[in-house]
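Residue numbers (this note's numbering), protein chains in the order written: chain G, 1 to 152; chain Z, 1 to 152; chain W, 1 to 82; chain P, 1 to 82.
All C-beta atoms in this analysis are idealised placements derived from N, C-alpha and C, irrespective of residue type, glycine included.
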Amino acid sequence: MAVRVQTELFDAGRETADLGAGHVDAGAVVTFTGLCRPNADSGAPLEALTLECYPEMAKEELSRIEAEARARWPLLDALIVHRHGRIRPGEPIVLVATLSPHRAAAFAAAEFVMDYLKTSAPFWKREETADGGAWVAAKAADDDALERWSRR
Amino acid sequence: MAVRVQTELFDAGRETADLGAGHVDAGAVVTFTGLCRPNADSGAPLEALTLECYPEMAKEELSRIEAEARARWPLLDALIVHRHGRIRPGEPIVLVATLSPHRAAAFAAAEFVMDYLKTSAPFWKREETADGGAWVAAKAADDDALERWSRR
Amino acid sequence: MKLLYFAWVRERVGRAEETAEAPAGVSTIGELIAWLRSRGPEYEHAFESDAIRAAIDRRHAKPDAKIAGAREIAFFPPMTGG
Amino acid sequence: MKLLYFAWVRERVGRAEETAEAPAGVSTIGELIAWLRSRGPEYEHAFESDAIRAAIDRRHAKPDAKIAGAREIAFFPPMTGG
Chain G
1 MAVRVQTELF DAGRETADLG AGHVDAGAVV TFTGLCRPNA DSGAPLEALT
51 LECYPEMAKE ELSRIEAEAR ARWPLLDALI VHRHGRIRPG EPIVLVATLS
101 PHRAAAFAAA EFVMDYLKTS APFWKREETA DGGAWVAAKA ADDDALERWS
151 RR
Chain Z
1 MAVRVQTELF DAGRETADLG AGHVDAGAVV TFTGLCRPNA DSGAPLEALT
51 LECYPEMAKE ELSRIEAEAR ARWPLLDALI VHRHGRIRPG EPIVLVATLS
101 PHRAAAFAAA EFVMDYLKTS APFWKREETA DGGAWVAAKA ADDDALERWS
151 RR
Chain W
1 MKLLYFAWVR ERVGRAEETA EAPAGVSTIG ELIAWLRSRG PEYEHAFESD
51 AIRAAIDRRH AKPDAKIAGA REIAFFPPMT GG
Chain P
1 MKLLYFAWVR ERVGRAEETA EAPAGVSTIG ELIAWLRSRG PEYEHAFESD
51 AIRAAIDRRH AKPDAKIAGA REIAFFPPMT GG
């Protein structure tokens with residue numbers, strides 16, 4: 001089980017292979033990679049995102065989310081990597097990988113972690129475009145996504 | 001959009017990176033990798049799985065499943081790779097990767113493809129153990145998983 | 001038409017494929033299975049389970065599906081891939 | 001206690017952190033925000049939105065959460081990571 005908050009680029013495929021290498025008993029691996037898109041929310045071309053972060057809380061909060069996922073589903077292992085700092089279009093921002101004997105648990109846990117992370121991990125995106133910079137507004141869809149898990 | 005049926009090993013990380021390379025507009029990538037577990041359904045140590053396949057139908061059926069996923073969710077791209085032949089514990093059997101602007105679509109499409117594939121793609125697993133060989137029985141849980149999608 | 005058999009259906013029939021012409025009156029997958037079962041103990045054993053699935057020209061087909069015009073009909077157990 | 005500000009709350013306040021002692025009678029996050037708003041136009045602007053979130057010692061905290069004993073209180077907009 002591991003949580004990392006870093007500015008450095010990562011290779012989602014290699015991170016996932018490394019995670020799986022220690023677990024011959026995993027039948028199912030699910031990964032989610034969130035990438036920096038080429039356009040700002042306004043539609044304007046994006047030069048870069050800058051992710052601000054409260055790093056000490058981010059590590060603790062991601063660990064709490066991971067622990068909650070492990071309590072809900074039978075996971076053999078899980079990895080959350082979240083970047084901050086300046087991120088260019090096409091670069092990865094976040095990786096969540098889950099290993100389980102069974103696919104339903106691996107899928108549900110990965111989606112749960114992403115839904116929680118979106119609304120509770122202390123990161124804030126600022127978009128850089130030709131017009132300057134703007135903080136990204138929180139999305140109602142993210143609150144709705146989170147709501148699903150409390151109904152279960 | 002691509003579907004492959006092959007005996008050769010594959011590298012899930014590289015396949016996914018190659019898929020994403022052509023799509024700068026993807027915000028979300030979800031992958032599922034199904035691995036050969038170290039034990040037979042009986043619990044005995046597994047020497048290998050042999051997957052029998054109806055290859056012409058497998059390609060067509062996987063293409064139909066992929067087309068259905070694209071009709072239901074806004075996917076930028078998708079990849080399904082399924083192996084047949086002799087597969088050792090720890091080796092990958094199947095890879096599903098989905099690219100979408102948004103994470104909910106990428107997750108749902110990948111899980112839909114796996115649920116359909118499990119009960120409709122013409123592959124049959126035979127387990128090799130010290131006691132000999134035995135065909136794997138279909139799981140009721142797989143039929144239940146599929147049922148979810150017809151209720152929507 | 002060509003008949004294909006997979007997994008334990010193949011093992012029980014004792015072959016992977018054959019060419020056959022069903023007699024008059026055999027018009028559905030269910031009727032084809034009934035006729036095959038009459039061809040000998042290996043067919044009787046292969047098709048004794050209700051769980052046998054069929055495909056006509058590479059598409060899943062139910063027991064009441066018509067076989068007229070089919071070029072390739074496959075029989076197999078429930079799928080266990082993935 | 002230490003106060004931390006992030007994203008546009010930080011920009012509006014004009015600093016990332018400071019040390020402050022709230023006056024007697026200020027016992028919750030909501031009361032702390034009301035007191036901060038009284039400290040000047042930059043604070044008034046930073047905290048004018050109802051959407052401001054808070055964390056006490058690195059855990060999310062609601063407006064009615066007690067601040068007694070807190071070492072580090074952070075204020076920030078709704079999160080937009082992932």
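For residue i and residue j, I'd like the C-alpha separation in whole angstroms.
| i | j | result |
| --- | --- | --- |
| R15(P) | Y5(P) | 7 Å |
| E21(P) | A55(P) | 17 Å |
| L51(G) | L75(G) | 29 Å |
| R148(G) | R71(W) | 49 Å |
| G20(G) | T129(Z) | 24 Å |
| P41(W) | R10(W) | 14 Å |
| I52(P) | W135(G) | 14 Å |
| E119(G) | D143(Z) | A small fix is needed here, since residue 119(G) is Thr in this sequence, not Glu. Taking the straight line from one Cα to the other gives about 34 Å. |
| I80(Z) | R64(Z) | 11 Å |
| V3(G) | A121(G) | 12 Å |
| E111(Z) | F107(G) | 7 Å |
| I33(W) | T19(W) | 15 Å |
| D11(Z) | I93(Z) | 11 Å |
| I29(W) | F76(W) | 13 Å |
| W35(W) | F47(W) | 10 Å |
| G133(G) | P78(P) | 18 Å |
| C36(G) | Y43(P) | 32 Å |
| P55(G) | E91(Z) | 37 Å |
| I67(P) | F123(G) | 23 Å |
| G163(Z) | A138(Z) | Missing from the structure shown is residue 163(Z); chain Z here goes from 1 to 152 and no further. |
| E17(P) | L146(Z) | 53 Å |
| C53(Z) | L117(Z) | 13 Å |
| E31(W) | L62(G) | 60 Å |
| N39(Z) | R14(Z) | 27 Å |
| D64(W) | D18(G) | 50 Å |
Please confirm if residue i has its CB atom under 8 Å from at least one CB of chain B.
| i | result |
| --- | --- |
| S100(Z) | The displayed structure is made up of protein chains G, Z, W and P, and chain B is not among them. |
Just the chain P side, please: which residues come within less than 8 Å of residue i by C-beta, in chain order?
| i | result |
| --- | --- |
| V136(G) | T80 |
For residue i, which residues in chain W fall below 7 Å Cβ to Cβ?
| i | result |
| --- | --- |
| T119(Z) | M79 |
Which residues in chain G sit within 8 Å of residue i, going by Cβ to Cβ distance?
| i | result |
| --- | --- |
| P89(Z) | V24 |
| F47(P) | In chain order: nothing, as chain G lies at least about 16 Å away. |
Any C-beta of chain G sitting closer than 8 Å to the C-beta of residue i?
| i | result |
| --- | --- |
| A104(Z) | yes |
| A54(P) | no |
Does any C-beta atom of chain Z lie closer than 8 Å to the C-beta of residue i?
| i | result |
| --- | --- |
| H60(W) | yes |
| A74(W) | yes |
For residue i, return the contacting residues in chain Z, with the cut-off set at a CB-CB distance below 9 Å.
| i | result |
| --- | --- |
| F6(W) | E52, C53, Y54, P122, W124 |
Beta-carbon of residue i versus every beta-carbon of chain P: anything under 8 Å?
| i | result |
| --- | --- |
| E60(G) | yes |
For the ligand HEM, any of its heavy atoms closer than 7 Å to the Cβ of residue i?
| i | result |
| --- | --- |
| G14(P) | Summarising the ligand content, the structure contains no ligands, and the ligand HEM is consequently not present. |
Could you work out which residues of chain G lie near residue i, taking near to mean beta carbons separated by less than 7 Å?
| i | result |
| --- | --- |
| F112(Z) | Neighbours of F112(Z) on chain G: none; closest Cβ ~10 Å, over 7 Å. |
Kindly indicate if chain W contains any beta-carbon less than 8 Å away from that of residue i.
| i | result |
| --- | --- |
| M57(Z) | yes |
TODO: Answer yes if the region 99-106 of chain Z comes into contact with the region 20-34 of chain Z, meaning at least three C-beta pairs across the two stretches below 8 Å, and no otherwise.
DONE: yes
- [ ] Flag this pair as touching only if the region 75-90 of chain Z and the region 18-37 of chain W have three or more C-beta atom pairs under 8 Å; answer yes or no.
- [x] no
TODO: Using a Cβ-Cβ cut-off of less than 7 Å, give me the residues of the region 10-44 of chain G that come near chain P, in sequence order.
DONE: Result list: G34.
Open item on the list: Taking contact to mean 3 or more Cβ pairs, one atom from each stretch, closer than 8 Å, check whether the region 64-74 of chain Z and the region 28-48 of chain Z are in contact.
Closed with: no
TODO: Evaluate contact between the region 120-138 of chain G and the region 42-49 of chain G, counting only Cβ atoms and requiring at least three cross-stretch pairs below 8 Å.
DONE: yes
Open item on the list: For the region 22-34 of chain P, list every residue whose C-beta sits within 7 Å of some C-beta in chain G, in sequence order.
Closed with: none
- [ ] Could you name the residues of the region 66-94 of chain Z whose beta carbon sits closer than 9 Å to any beta carbon of chain W, in the order they occur along the chain?
- [x] H82, H84, I93, V94
TODO: Below 9 Å between beta carbons is the criterion; list the residues of the region 140-152 of chain G that meet it against any residue of chain Z, in chain order.
DONE: A141, A145
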